[in-house]
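These notes concern the structure reproduced below.
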Amino acid sequence: MHILITNDDGIGSRGLKALADAALRRGHRVTVSAPVSQCSANSQHITLTKPLLVHETPWEGARAFAIEGTPTDCVRTVPNLIEEPIDFCLSGINNGENTGSAVYYSGTVAAAREAAMLYIPAMAVSIMRFAESDMLNHLANVAVALAERFSSVPLPRFTLININAPAIPPSDLKPLRVCPLSQAYFQDGYERRVSPLGQHYLWLAADDTSGVPMEEPDPGSDYALMRAGHITCTFLGPFMDHNREFAHLIEENGYER
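For the sequence shown, the residue numbers in our numbering are 45 to 301.
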C-alpha cells in the first residue's frame, strides 16, 4: 500500500516520524508531505495568492516534501509531486487531541478531510499533549493497522476516520471505542496586554500544562472516553442539515424552501 503521511505540526514533528516509521516497518511505501513549520488550527485553509515553495527533504526509506503552505496544501499538491497514486492518507500524529469541536479548527483533521475529498481513504490521528515515544509508537502501529483494514472499505464521500488517544502508557490503555463527537466547546478567552511601545494587543489565555479549558463533555462522547483512558474512533462525515426541524418556519410564511 502507498501511504501519504501528513500533519499540521510540521515536517520535524515526532508524531509524523512515528507514523512514517510504523508504515515503513509494516512494509508499506511512504510519501511524506508536511508543512515547513507549525500550522495548527489552520482548518481547511488553502493558499491562493502566493506560490507554494516545495523542499524535497531526506527521509530514510521514503520520499518527503516540506511545503511552505498549509496542511491542506500539503495534500492537494501531492499529485503534482509524485506519479504513483496514493492508497491511504494518515494525518498526524497530532500533538494534542482533536476531539469534539476541535475537529472544526484542526489542520490535522482538515488534511485528512482534503484527502477524502480527493477520493483517498483518510484518517486523522491525534494524542493528548506530552506523549512519550512509546505512546506515539503504539498509536502509530494502531493507526497503520486500521489503515490496512479500511483501505479497501468504501466510506461515504468526504468521510474520514478520526482517532484520538490519551497520553498514558500503552499498558494502561482501555479498549478502542467507536463513539460520537463531544459537543463540549472551548472556554478560552483573551488577555488584553500592552506592548513596550504602548500598543494594545490580545493574547489567547491558556495554561501551558492543561491547554485551553473545555466544557464538560457528554458521557460516552469521544472527549469523555479519551479522558477515561480509551483510544477513540469517530467516522466524520461532512453533510448534515436540520431542514426537517425548521423548514416549516419558511413554509408558513409563504417562502419557497
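Note that CB positions come from ideal geometry on N, CA and C, so glycine has one too.
Fair warning: this is a prediction, and the values are worked out from it, not measured in the lab.
Taking the C-alpha atoms as reference points, what is the distance between residue i and residue j?
i    : j    : result
K94  : P123 : 19 Å
E176 : Q231 : 27 Å
G312 : R271 : Outside the modelled stretch of the chain, which goes from 45 to 301, sits residue 312, for which no answer is possible.
M258 : V147 : 14 Å
S81  : R288 : 44 Å
F132 : L241 : 50 Å
R58  : I137 : 8 Å
A209 : P102 : 29 Å
C277 : P219 : 11 Å
I need the DSSP call for residue i, collapsed to helix, strand or coil.
i    : result
A166 : strand
E100 : strand
L180 : helix
E192 : helix
H286 : coil
S150 : coil
T276 : strand
I173 : The amino acid occupying residue 173 in the given sequence is Arg; Ile does not appear at that position. Correct three-state label for R173: coil.
P115 : helix
N185 : helix
R201 : coil
V80  : coil
L134 : strand
V122 : helix
E295 : helix
When you compare the CB of residue i with every CB in chain B, is at least one pair closer than 8 Å?
i    : result
A184 : Among the chains in the structure shown there is no chain B, since it carries only a single protein chain.
Ignore the nearest five residues each way along the sequence and tell me which others in residue i's own chain have a CB closer than 7 Å to its CB.
i    : result
A249 : D232, G233, Y234, E235
L96  : I111, E112, G113, D117, T121
R301 : Its pLDDT being 44, under 50, R301 is placed unreliably by the model, and the measurement read from it follows with that caveat. These residues qualify, in order along the chain: A291, I294, E295.
P261 : G144, S226, A228, Y267, A268
State the beta-bridge partners of residue i as determined by DSSP.
i    : result
I90  : DSSP lists no partner for I90.
Y267 : Its beta-bridge partners do not exist; DSSP assigns none.
E141 : DSSP output for E141 lists no bridge partner at all.
R73  : H46
R221 : T276
Y229 : In the DSSP output, where bridge partners are listed per residue, Y229 has none listed.
Residues in the same chain with beta-carbon distance under 6 Å from residue i, minus the five sequence neighbours each way, listed in chain order, please.
i    : result
E128 : H46
S87  : Y149, A154
In chain order, what residues of the same chain have a beta carbon less than 8 Å from the beta carbon of residue i, not counting five sequence neighbours either side?
i    : result
L204 : V153, A156, R157, A159, A160, A166, M167, A168, F279, L280
I126 : T75, R107
Counting beta carbon pairs with one atom in the segment 55-67 and one in the segment 181-188, are three or more of them shorter than 8 Å? yes
So, do the segment 96-106 and the segment 160-168 have three or more beta carbon pairs nearer to each other than 8 Å? no
Between the segment 82-93 and the segment 67-74, can you find at least three pairs of beta-carbon atoms closer than 8 Å? no
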